[in-house]
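In my numbering, the protein residues as written are 38 to 246.
Glycine included, every Cβ here is placed at the ideal spot set by N, Cα and C.
Model, not experiment: these values are computed from the prediction.
A quick write-up on the structure given underneath.
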């Protein structure tokens, strides 16, 4: 993946918070970290994730394919300021932040709720019950980072979709839903890269100084 995209996320955040007067273009970051932009997809589904002191601080993205540069800029802003789970990121927090940019690929519907691998696949669930629609997703890194096994991941995926289910009935729920066809479970892969604020600043200084 690309450290340049993570640098561009931080650059976008600094400008949005008025912490920098000039904006370093993405092209300059590709040059600074010696990456070939042509090796990345021109468009992809993507997510931007902010962490502070190793704790989630915001994450928003899309499963629609977007042009990568404007897509990263768009979801940098929405994940930093519009994630309803968190207060907007403040300028005083920036030095403690880390950012992940994940480009998604290889979406595959699965009929077996165990047909995926921790650390390799993300999961997306959607279903409708009692005239209510539920959906949720976990990026490929989530289960591994949380030290979850498969049953635990599947349970928390339902909780993220805001569907009330007990942990002991989780696997039966998936089995029934997939067998009857009203539940859709999709696995997918992601190209993810991570950078901390200090590393970003060092790269930025190599460009602007």
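Runs of alpha helix (DSSP H) lying entirely within the stretch 45-99, each at least 4 residues, in chain order: If we require 4 residues or more, the alpha helix (DSSP H) runs fully inside the stretch 45-99 come out as 63-69.
Express the C-alpha separation of residue 206 and residue 49 in angstroms, rounding to a whole number. Each residue's CA atom was taken as its position, placing residue 49 and residue 206 some 44 angstroms apart.
For the pair the stretch 191-207 and the stretch 173-182, tell me if three or more CB-CB distances fall below 8 angstroms. Counting Cβ pairs under 8 angstroms, three or more are found: they touch.
Any contact of the stretch 154-166 with the stretch 210-226, i.e. 3+ C-beta pairs under 8 angstroms? Short answer: they touch.
Would you kindly work out how many angstroms separate the C-alpha atoms of residue 236 and residue 70, rounded to a whole number? Distance between the alpha carbons of residue 236 and residue 70: 11 angstroms.
Inter-residue Cα distance where the pair is residue 148 and residue 58: In a straight line, the C-alpha of residue 148 is about 51 angstroms away from that of residue 58.
Does DSSP classify residue 150 as helix, strand or coil? Note: residue 150 maps to coil in three-state DSSP.
Rounded to whole angstroms, what's the CA-CA distance from residue 242 to residue 85? Just pull it up for me. Straight-line Cα distance between these residues: approximately 23 angstroms.
Between the Cα of residue 76 and the Cα atoms of 233, 213, 214, 228, which residue gives the shortest distance? Closest option to residue 76, Cα to Cα, is 228.
When DSSP labels each residue in this structure, what does residue 144 get in the three-state scheme? In the structure shown, residue 144 adopts extended strand secondary structure according to DSSP, grouped into three states.
Starting from residue 241 and walking both ways along the alpha helix (DSSP H), at which residues does that stretch end? Unbroken alpha helix (DSSP H) run through residue 241: 234-245.
Here's the rule I'm using: 16 or more other beta-carbon atoms within 10 Å means buried, otherwise exposed. How should residue 110 be labelled? Residue 110 counts as buried, since at least 16 other C-beta atoms from the protein chains shown sit within 10 angstroms of its C-beta.
What span of residues does the beta strand (DSSP E) with residue 249 cover, start to end? The structure shown does not extend to residue 249, since the chain spans only 38 to 246, so no value can be given for it.
CA-to-CA distance, residue 168 to residue 218, given in whole angstroms: Roughly 16 angstroms between the two C-alpha positions.
Is DSSP giving residue 120 helix, strand or coil here? Note: residue 120 maps to coil in three-state DSSP.
With a threshold of 6 angstroms on Cβ separation, who are the neighbours of residue 202 within its own chain once the five nearest residues in sequence on each side are excluded? Once the five neighbours on either side are set aside, the close Cβ partners of residue 202 are 195, 210.
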